[in-house]
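Step one of this worksheet: look at the structure below.
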Amino acid sequence: MTRPPDDDETPPDIDAFAPRSEARAFAPAQLVACPACLRANAPTRMQCLYCGAALPVAADGADLRRPILRPLEAWEQGYNVVLLARAEDAPNVPRDALVEAAQLARLEPEQLQRMIAARVPLPLARTAAHEEAELLERRLASLGLQVEIVADETLAFDVPPQRVRRLEWDEEALTGWASADDAGERVLWSDVVLLVAGRISRRQIEVEERQGRTEREVVETREFYEDEGVLDLYMTDAAHNWRIMAGSFDYSCLEEQKSLLAAENFTRLVAALRTRASTAVFDDNYTALRHLLQAAWPVAEQTTSGGLRRTRGRLRLNATTSVTNEPQFTRYGRLRRYFVMRARNT
151 MTRPPDDDET
161 PPDIDAFAPR
171 SEARAFAPAQ
181 LVACPACLRA
191 NAPTRMQCLY
201 CGAALPVAAD
211 GADLRRPILR
221 PLEAWEQGYN
231 VVLLARAEDA
241 PNVPRDALVE
251 AAQLARLEPE
261 QLQRMIAARV
271 PLPLARTAAH
281 EEAELLERRL
291 ASLGLQVEIV
301 ADETLAFDVP
311 PQRVRRLEWD
321 EEALTGWASA
331 DDAGERVLWS
341 DVVLLVAGRI
351 SRRQIEVEER
361 QGRTEREVVE
371 TREFYEDEGV
381 LDLYMTDAAH
391 NWRIMAGSFD
401 YSCLEEQKSL
411 LAAENFTRLV
421 AALRTRASTA
431 VFDDNYTALR
441 HLLQAAWPVA
451 EQTTSGGLRR
461 TRGRLRLNAT
471 TSVTNEPQFT
481 RYGRLRRYFV
491 MRARNT
């Protein structure tokens, strides 16, 4: 039996969860010829299975098309199909429409139901092409679900957060420093529009192998794990955001409230910032919602080779796999800022 992935694991092939009823045969007249390689493709495809070229829409095949929803590489710019449903919409979606919508987005119906009831905009899928996102938008709209396409470029996913290690504030503004040599950046309290709190986890797995007579043998495995609180601050006039990590911050700004424990200091810092940035939206739902982000925004995983090392006359190969939810947390915050700013401007 296939086991659903944990939050910190890369999900298995999503097709493993697809209902068996989706497989079907098509008549020769329904197949679509690729204009580039001339090979026949199923009318459900948007791109050629063999060469990747865009396929024309058959005269009677528009309703048969399905989005591909392939996993995107870390460097690729994509398009996020964001669900805008409200909590009160959850009981009003017919079961058959819910199942069909879940199949289109490659989700389980129960997962889609939880996303509808979450009360915040959440990504259903992330596509490589805008046409694919538009197709998903049209099909979901026909099933009664309201979605919006938000490009990665709009959310500035390629701009990393600015780490802030020290703060000072007065009645009007706060100033943040990225390092001791930094000049500092001053921001008015009224310009702080969003505070997003969560936790960043990092897992590192080191594997050392040696070549046996027939295959490689694992000699040693080491695993390291860390988890710490994080707070992102979003402003009105900046594409980037400030990021405060609980374990690497100078809590001198707390003055007499500062304690010896970083966890206590972080909680007090968040409370102090919430009090002073009184007009800002505070969001601490990420930890509860992160499992719903996994399909569109999976946790980041990267494996690097440490090369060969000779030990006791034998060659050993080292490899390190790093897994973190930090990019996912950044995406969640950027999406929240997008909708918070739009609500403020309307």
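For the sequence shown, the residue numbers in our numbering are 151 to 496. Idealized CB from N, CA, C, for every residue including glycine. Computed from a predicted structure; not experimentally measured.
Check your understanding: By DSSP, does glycine 228 sit in helix, in strand, or in coil?
Key -> coil
Point to revise | Beta-carbon gap between arginine 376 and arginine 360 smaller than 9 Å | key: Before going on, a small fix: residue 376 reads as glutamate here, not arginine. Not in contact: glutamate 376 and arginine 360 (Cβ atoms no closer than 9 Å).
Check your understanding: What distance in whole Å lies between the Cβ atoms of glutamate 378 and arginine 424, which are believed to be in contact at a cut-off of 8 Å?
Key -> The Cβ separation is near 19 Å, so there is no contact.
Exercise for review: Can you say whether leucine 458 is buried or exposed, counting buried as having 16 or more other CB atoms within 10 angstroms of its CB?
Suggested key: exposed
Point to revise | Distance between arginine 315 and glutamate 321 (C-alpha atoms, nearest Å) | key: 20 Å
Review point. Are the beta-carbon atoms belonging to tryptophan 339 and alanine 427 less than 9 Å from one another?
Key: yes
Check your understanding: Residues bridged to arginine 313 by DSSP?
Key -> Arg393
Practice item. With a threshold of 16 other CB atoms inside 10 Å of the CB of tryptophan 225, please say whether the residue is buried or exposed. Key: exposed
Check your understanding: What separation, rounded to the nearest whole angstrom, lies between the Cα atoms of threonine 346 and alanine 450?
Key -> Sequence check: residue 346 is valine here, not threonine. Near 20 Å, if we compare the C-alpha coordinates of alanine 450 and valine 346.
Review point. Between glutamate 476 and the rest of its own chain, which residues show a CB-CB distance below 6 Å, the 5 nearest in sequence each way excluded?
Key: Ile350
Point to revise | Presumed contact (8 Å Cβ cut-off) between leucine 233 and leucine 199, rounded CB distance | key: Actually they do not touch by this definition, with Cβ atoms about 29 Å apart.
Check your understanding: Nearest-angstrom Cα distance between leucine 344 and leucine 443?
Key -> 20 Å
**Study point:** Reduced DSSP secondary structure (H/G/I, E/B, other) of methionine 196
**Key:** coil
Check your understanding: My guess is that aspartate 387 and aspartate 433 are in contact by the Cβ rule of under 8 Å, so how many angstroms apart are they, rounded?
Key -> Not confirmed; about 20 Å, so no contact.
Practice item. Measure how close the beta-carbons of threonine 488 and leucine 305 come, nearest whole angstrom, since I'm counting them as under 8 Å. Key: The identity of residue 488 in the sequence shown is tyrosine, whereas the question assumes threonine. Yes, tyrosine 488 and leucine 305 are in contact; Cβ-Cβ is about 6 Å, under 8 Å.
Check your understanding: For glycine 294, which residues of its own chain have a beta-carbon under 7 Å away from its beta-carbon, when the five flanking residues on both sides are left out?
Key -> Val243 and Ala247
Review point. Glutamine 180 to alanine 208, Cα distance in whole Å?
Key: 8 Å
Point to revise | Neighbourhood of methionine 491 by C-beta distance below 8 Å, restricted to the same chain and skipping five residues each side | key: Val343 and Thr386
Point to revise | Range of the contiguous beta strand (DSSP E) that encloses phenylalanine 432 | key: 431-433
**Study point:** Nearest to arginine 393 (by Cα), restricted to the options Leu262, Phe479 and Thr277
**Key:** Phe479
Review point. By DSSP, does glutamine 361 sit in helix, in strand, or in coil?
Key: strand
Check your understanding: Per DSSP, what kind of secondary structure is serine 329 in: helix, strand or coil?
Key -> coil
Review point. Helix, strand or coil: which one does DSSP assign to tryptophan 339?
Key: helix
Check your understanding: How would you call arginine 170, buried or exposed, if buried means at least 16 neighbouring beta carbons within 10 angstroms?
Key -> Low local confidence applies: a pLDDT of 41 at arginine 170 is under 50, so the model's placement there is unreliable, with the coordinate-based value given in what follows. Arginine 170 comes out exposed.
Exercise for review: Report the option in Glu373, Glu365, Arg494 and Tyr401 whose CA atom is closest to the CA atom of isoleucine 355.
Suggested key: Glu373
Review point. What's the C-alpha gap between phenylalanine 176 and alanine 192?
Key: 7 Å
Point to revise | Simplified DSSP state of valine 270, which is helix, strand or coil | key: coil
Review point. Does DSSP put glutamate 414 in a helix, a strand or coil?
Key: helix
Review point. Can the beta-carbon of alanine 438 be found closer than 9 Å to that of alanine 412?
Key: no
Exercise for review: Could you tell me the distance, in whole angstroms, from the CA atom of leucine 317 to the CA atom of aspartate 302?
Suggested key: 30 Å
Review point. What is the DSSP secondary structure of valine 473, reduced to helix, strand or coil?
Key: strand
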